[in-house]
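For the sequence shown, counting from 1, position 325 maps to 324 in numbering that gives the first Met the number 0; every step adds exactly one. Each residue gets a CB set at the ideal place from its N, CA and C atoms; glycine is no exception.
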Amino acid sequence: MKSSPRITLLAGGVGGAKAALGLYLSEHKANLSVIGNIADDEEFHGLWVSPDIDTLTYTLAGRINQQQGWGLENETHQVLDGLNQLGSDTWMFLGDQDFATHIYRTEQRKKGIRPSAIAQDIAWKNGVDIPLLLPTDDVMQTRVLTNKGSLSFQEYFVREQCKVEITAIAIEGAEQATATAEAMEAIKNSDLIIIAPSNPVVSIGAILAVSEIRRALEETSATRVAISPFIGGKTVKGPADQMMQAIGMDSSPASVAELYQGCLDAMVIDHEDAESEASLLNSGLEVFITNTLMKTDDEKTQLMQACVGFAEEVAQQKRLSTAAQLTQEAC
Numbered sequence: 000m001k002s003s004p005r006i007t008l009l010a011g012g013v014g015g016a017k018a019a020l021g022l023y024l025s026e027h028k029a030n031l032s033v034i035g036n037i038a039d040d041e042e043f044h045g046l047w048v049s050p051d052i053d054t055l056t057y058t059l060a061g062r063i064n065q066q067q068g069w070g071l072e073n074e075t076h077q078v079l080d081g082l083n084q085l086g087s088d089t090w091m092f093l094g095d096q097d098f099a100t101h102i103y104r105t106e107q108r109k110k111g112i113r114p115s116a117i118a119q120d121i122a123w124k125n126g127v128d129i130p131l132l133l134p135t136d137d138v139m140q141t142r143v144l145t146n147k148g149s150l151s152f153q154e155y156f157v158r159e160q161c162k163v164e165i166t167a168i169a170i171e172g173a174e175q176a177t178a179t180a181e182a183m184e185a186i187k188n189s190d191l192i193i194i195a196p197s198n199p200v201v202s203i204g205a206i207l208a209v210s211e212i213r214r215a216l217e218e219t220s221a222t223r224v225a226i227s228p229f230i231g232g233k234t235v236k237g238p239a240d241q242m243m244q245a246i247g248m249d250s251s252p253a254s255v256a257e258l259y260q261g262c263l264d265a266m267v268i269d270h271e272d273a274e275s276e277a278s279l280l281n282s283g284l285e286v287f288i289t290n291t292l293m294k295t296d297d298e299k300t301q302l303m304q305a306c307v308g309f310a311e312e313v314a315q316q317k318r319l320s321t322a323a324q325l326t327q328e329a330c
């Protein structure tokens, strides 16, 4: 019986959580690790909030608000209503059950417990039984420079609803950040690295901004595959297309590949972007064209199983190519 490959998924929030769930519900769950984005973490009402990590946790736990793609199902908002009555800024829409997560996380941080251990603890207590890893235990934060000044990602995305003009994007703290041992070990032990269809600038880009993580991905012998977050030049959810434009790139698979340069062997793209195949092949990448829109759990599982199958084919091609090269050199 063929053994399942060891897989590490790099993931942001909603799109990353869909990919993570597709693998989690598949035959590959037992050998799956997920590295999430922490650069949109921020303090609200004195509590440390980790939106992408929580979205991953709630999705894998089967507790996510399916309609929104974030937050918890059957949520109430009495705490937020009370804060609003007291005059607090309540634009960050946090539910009562969600507040419990943030209170617990903040308590544990104040005790000096590593953020990685806290994230895994919260995941386990929600019934998530795979490694949910952080790229670093250090604080990093996406800053969006706009015509309204420097904003955090949540200020830009939630408060301003992406309606301000972006002039630049930075990941503060990335240069000093040290990768977690768990993330490095997951990459080292992987047969396949899959990059989820998350925001390439501020989700995957933030993970890759940790220099040790990027170097490990560049040097790994694992097969590395990215799923493009764009379909027909547009993002399914979130401001990824606007952010690509802000850094002078278009919303195409080729631009995503450029951002991930050195960390990829192959790309998965949607049928609507089939015209990108030639340029990707010319850049040395293998390409798999399929339907990448994930609405149902079945679609999530089907796409991710297809991605794994494609990645294994690419891995086999790499092995045959290496063997042929060694034979030629021996002659």
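Anyone know if the C-beta pair for residue i and residue j falls short of 8 Å?
i      : j      : result
Glu26  : Ser3   : yes
Ala182 : Ile212 : yes
Gly21  : Leu302 : yes
Val224 : Ala310 : yes
Arg108 : Ile117 : yes
Thr348 : Val313 : An answer regarding residue 348 cannot be provided, because it is not within the stretch 0 to 330 covered by the chain.
Gly10  : Gly45  : Here the sequence assigns Ala to residue 10, which means Gly is not the residue at that position. Not in contact: Ala10 and Gly45 (Cβ atoms no closer than 8 Å).
Val209 : Met242 : no
Leu8   : Ala195 : yes
Asn125 : Thr54  : no
Tyr155 : Val143 : yes
Gly232 : Ser251 : yes
Glu74  : Asp40  : no
Ala38  : Thr166 : no
Val307 : Leu191 : yes
Ala277 : Ile168 : no
Ser275 : Pro228 : no
Leu59  : Val127 : yes
Mind checking residue i: buried by the 16 CB within 10 Å criterion, or exposed?
i      : result
His101 : buried
Ala112 : Reading off the sequence, residue 112 comes out as Ile, not Ala. Ile112 is exposed by the Cβ-count criterion.
Met0   : Confidence is the limiting factor: at Met0 the pLDDT is only 47, short of 50, which leaves the residue's position unreliable, though a coordinate-based value still follows. Classification of Met0: exposed, given that the 10 Å Cβ count is below 16.
Ser32  : buried
Gln84  : exposed
Thr321 : exposed
Glu340 : Absent from the structure is residue 340, since the part of the chain shown begins at 0 and ends at 330.
Cys161 : exposed
Lys187 : exposed
Leu319 : exposed
Phe92  : exposed
Gly291 : It is Thr, not Gly, that sits at residue 291 in the sequence shown. Burial call: buried.
Lys17  : buried
Asp272 : buried
Gly204 : buried
Gln119 : buried
Asn146 : exposed
Ile63  : buried
Leu280 : exposed
Thr326 : exposed
Gln153 : buried
Give me the DSSP bridge partner(s) of residue i.
i      : result
Ala18  : None; Ala18 has no bridge partner.
Lys233 : Ile230
Lys320 : Residue identity check: residue 320 is Ser in the sequence provided, not Lys. In the DSSP output, where bridge partners are listed per residue, Ser320 has none listed.
Gly35  : Ala10
Ala225 : Ile194, Met266
Glu41  : Val48
Leu71  : Ile63
Is the beta carbon of residue i within less than 7 Å of some heavy atom of the ligand COA?
i      : result
Gln140 : Within the structure as shown, the ligand COA is missing, as the structure has no ligands at all.
Would you say the stretch 233 to 251 touches the stretch 47 to 60, given that touching needs at least three Cβ pairs under 8 Å?
Judged by pairs of C-beta atoms under 8 Å, the stretch 233 to 251 does not touch the stretch 47 to 60, as fewer than three such pairs exist.
Within the chosen definition, does the stretch 296 to 310 reach the stretch 167 to 175 through at least 3 CB pairs nearer than 8 Å?
These segments do not touch.
Can at least three beta-carbon pairs, one atom from the stretch 70 to 84 and one from the stretch 125 to 135, be found at a separation below 8 Å?
The stretch 70 to 84 and the stretch 125 to 135 do not touch, with fewer than 3 CB-CB distances between them shorter than 8 Å.
Going residue by residue through the stretch 125 to 190, where are the continuous alpha helix (DSSP H) segments of at least 4 residues, counting only ones entirely within it?
Fully enclosed alpha helix (DSSP H) runs of 4 or longer: 180 to 188.
Extract the residue ranges of the beta strand (DSSP E) inside the stretch 228 to 304, only unbroken runs of 3 or more that lie entirely within it.
Listed in chain order, the complete beta strand (DSSP E) runs (minimum 3 residues) inside the stretch 228 to 304 are 265 to 269, 285 to 289.
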